[in-house]
Amino acid sequence: MEPLAVFGALASAVQLLDVSVKVSRSACGFVSSLKHVKEDVRHLQTKALQEAESLMRDLQFYASEAQRCPPESVRNHMISDSIAQIARQFSEDMDALRGILPAQMPSPFPARMAFVLNRKLDGIRLQSNILSAADGIKALSVSQDALSQTLSRRCDALEAQLQGQKAEVLEGLQYQLSKTSLDFASLETRVHSQQQSLDDLSSLMSSAVASPDVLGRMVRAELRQQLEPLLRRFADVSLSIDQIALGVSKEASERSDFKTGRSGAIHGLSNPGSERNATSNHSFHEIERSETIIVLSQG
């Protein structure tokens with residue numbers, strides 16, 4: 147390879163390296179200012195970075211060719227320090243660009259579209275759940291209010307029913323009390339009237355018993371009138387008439403004592419061997435004797 151061709155290649159490589167470094171710096175500035183724009187990053191990756199990569203390959207090829215040539219032939223044509231400095235600066239720019247660019251390529255458009263749609267759907271579902279929860283809370287509050295109103299109405303109805311039952315029970319008790327009072331008053335009136343009747347009867351009987359001789363005189367007068375024809379024929383007829391009248395008076399007195407509830411009369415009637423029962427039997431015999439005498443007088 148001729149030295150002039152080598153030098154020409156070196157010059158073109160240096161120019162290309164300078165252009166690539168400028169492009170890399172502009173790309174780094176552009177990416178740092180628009181690091182969130184994915185389309186611009188993709189454009190930078192597909193064009194400017196690929197050109198810089200090809201320039202670096204040309205530079206590597208030029209360096210390898212320059213190393214094969216004798217040092218005297220290339221010493222006056224290219225300074226190696228400037229090439230090294232340009233290479234170091236390019237490397238630093240690439241490191242800065244690597245820190246700015248994303249670590250991996252973005253996902254394809256369908257995946258990103260699906261992700262965005264899923265986010266939107268999740269937001270819509272969240273809003274729907276929030277609205278459903280709010281509606282449920284409102285319905286629960288309305289149901290609670292309706293339940294409290296229903297309970298209040300039922301409590302009022304039960305209270306009114308209890309008041310009505312209480313009034314009915316009180317009215318029934320008052321009616322029964324008044325009816326019982328009337329029954330007691332009627333019973334008291336009846337007892338009082340019966341007591342009055344008994345008192346009147348007792349007073350009448352007492353007045354009759356106080357003068358037993360009235361009945362005896364009436365019996366004696368009647369017997370004397372009936373037995374008038376026998377007074378002359380039998381001497382003891384007058385004595386018999388007196389005994390009969392006395393017996394009838396005593397019998398009437400004992401019966402009045404029995405009706406008024408005197409214990410002596412009851413005792414005399416209940417004991418056949420008592421003195422009063424004997425007197426009664428004697429009076430009965432006297433009455434039979436008088437009847438016999440009347441029959442004989444009529445015969």
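So the mapping is simple: our numbering equals the position in the sequence shown, first residue as 1, plus 146.
Idealized CB from N, CA, C, for every residue including glycine.
Just so it is clear, the structure is predicted and the values come from calculations on it, not from any experiment.
Buried is the label assigned to D239, since at least 16 other Cβ atoms lie within 10 Å of its Cβ. Here P256 carries a helix assignment [DSSP, helix/strand/coil]. Between A198 and S237, the CB-CB gap reaches or exceeds 7 Å. Within the same chain, and ignoring the five residues on either side of K284 in sequence, no residue has its Cβ closer than 8 Å to its Cβ. Distance from the CA of R214 to the CA of Q235, rounded to the nearest whole angstrom, comes to 25 Å. When the Cα atoms are used, R300 and A306 turn out to be separated by approximately 10 Å. Of the residues K312, L319, D164, Q322, the one whose Cα lies closest to the Cα of Q231 is D164.
Cβ contact annotation for K325 (same chain, cutoff 8 Å, sequence separation greater than five): none.
For S343 and V337, the gap between their C-alpha atoms comes out near 10 Å.
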